[in-house]
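Residue numbers (this note's numbering), protein chains in the order written: chain Z, 1 to 130; chain V, 1001 to 1130.
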DNA sequence: TTACATGATGTTATATTATAACAATTAACA
DNA sequence: TGTTAATTGTTATAATATAACATCATGTAA
């Protein structure tokens, strides 16, 4: 079997839903929304989420246990993500800053560890909430 | 009541335990370990953890739901943390890199958001696991 | 075309992580 | 001493995530 190129039914349903939202969605809120489409169990949601994260279609916001679509169509940076999170309104935005990405991509620690991805979350107050 | 300067009993017990470990501990493993000291309920652990995170004595490793002591005695960077995580052996190390910290501290996004903290986790393979 | 391997699905049950709600106690201090 | 805030203790429950097992679908190769 070749590496899968098209998404499966459940994966499509769940990606569609996440892509329609500009804010991160939680697994059980996704489950609630897709029940009408025949997805009934948490595991079905988590399996699709895992796959979508793996192929870079979505990202997990670790500090919020929530999932957001990757807006970067190239998706080469699937495993190197930067987000800003407003601690008041919980607005989450993916940040694409070339200089910052370069800096992080090239970062070498003193222990000679080989990195293949990173996750950076900035916290603060957005313009509206200041 | 003044801003608390000394830790409470439960906070001390739990901080002691976390400081004795050089690796992150999970809340329920902490609970298991402190039962002999009379801490019986998850909430007692989580309350202490919340406080210790707040005052910068420990950090939460978001991607692992685990807590590690802050080795930086000055603890001014309590809310600006960088960790490296080995995806094979799960070894976690706090990174102190002046240049990287500066870069992150001075980062301004295009939306004019005001950041007061960040959390960065690098993933990869440590020397032993390569 | 059959057999095999892989990935996806569906289902039930359960594990893991975290908080709500309430009562009681302790410590600082006006 | 009364007031306030932090902390504690307790029971119950919410929220997040995975284990284990059976079945189905699809691509590849004998």
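Think of the CB as a built atom: it goes at the ideal place given N, C-alpha and C, for glycine as much as any other residue.
Residues of the segment 1110-1127 of chain V whose Cβ lies closer than 9 Å to any Cβ of chain Z, in chain order: 1110, 1111, 1112, 1113, 1114, 1115, 1116, 1117, 1118, 1119, 1120, 1121, 1122, 1123, 1124, 1125, 1126, 1127. As a beta-bridge residue in DSSP terms, residue 121(Z) pairs with 83(Z), 1119(V). Straight-line measurement puts the Cα of residue 59(Z) at about 6 Å from the Cα of residue 70(Z).
Between the segment 1116-1130 of chain V and the segment 1082-1097 of chain V there are three or more inter-stretch CB-CB distances shorter than 8 Å, so the stretches are counted as touching. Each residue's CA atom was taken as its position, placing residue 1112(V) and residue 1072(V) some 30 Å apart.
Around the C-beta of residue 43(Z), fewer than 16 other C-beta atoms lie within 10 Å, and the residue is accordingly described as exposed. Proximity of chain Z to residue 1093(V) at the Cβ level (cut-off 9 Å) is accounted for by 109, 111, 113, in chain order. Among the residues of the segment 36-65 of chain Z, those with a Cβ less than 7 Å away from any Cβ of chain V are 62, 63, in the order of the chain. The beta carbon of residue 103(Z) sits closer than 8 Å to some beta carbon of chain V. In the DSSP assignment, the residues bridged to residue 1092(V) are 1085(V). In the three-state scheme derived from DSSP, where H, G and I count as helix and E and B as strand, residue 32(Z) is classed as helix.
Neighbourhood of residue 1084(V) in chain Z, by CB distance below 8 Å: 109, 111, 113, 115, in chain order. Against residue 1130(V), the close residues of chain Z are 114, in the order they occur along the chain (beta-carbon pairs closer than 8 Å). Counting along the chain, residue 1048(V) sits inside the alpha helix (DSSP H) bounded by residues 1042-1054. In terms of Cα proximity to residue 1081(V), the closest of 1038(V), 1020(V), 1121(V), 1021(V) is 1121(V). Against residue 1025(V), chain Z offers no close residue; the least beta-carbon distance is about 18 Å (beta-carbon pairs closer than 9 Å). Of all alpha-carbon atoms in 18(Z), 22(Z), 63(Z), the one lying nearest the alpha-carbon of residue 30(Z) is that of 18(Z). For residue 1099(V), there is no enclosing beta strand (DSSP E); the residue is found in the alpha helix (DSSP H) stretching over 1098-1105.
Its chain contains 1027 as the residues whose beta carbon lies nearer than 7 Å to that of residue 1046(V), once the 5 sequence neighbours on both sides are disregarded; these appear in chain order.
Neighbours of residue 7(Z) in chain V, taken as residues at a C-beta separation under 7 Å, are lacking, since the least C-beta distance is about 25 Å. Listed along chain V is no residue with a C-beta nearer than 9 Å to that of residue 22(Z); the closest approach is about 14 Å. With respect to chain V, the C-beta atom of residue 16(Z) has no partner C-beta closer than 8 Å. Going by beta carbons, residue 1067(V) and residue 1025(V) fall inside the 8 Å limit. Between residue 1012(V) and residue 14(Z), the alpha-carbon positions lie close to 45 Å from each other. By the CB criterion at 8 Å, residue 1010(V) and residue 1041(V) fall outside the cutoff.
Assigned with DSSP and collapsed to three states, residue 1057(V) falls in coil, not helix or strand.
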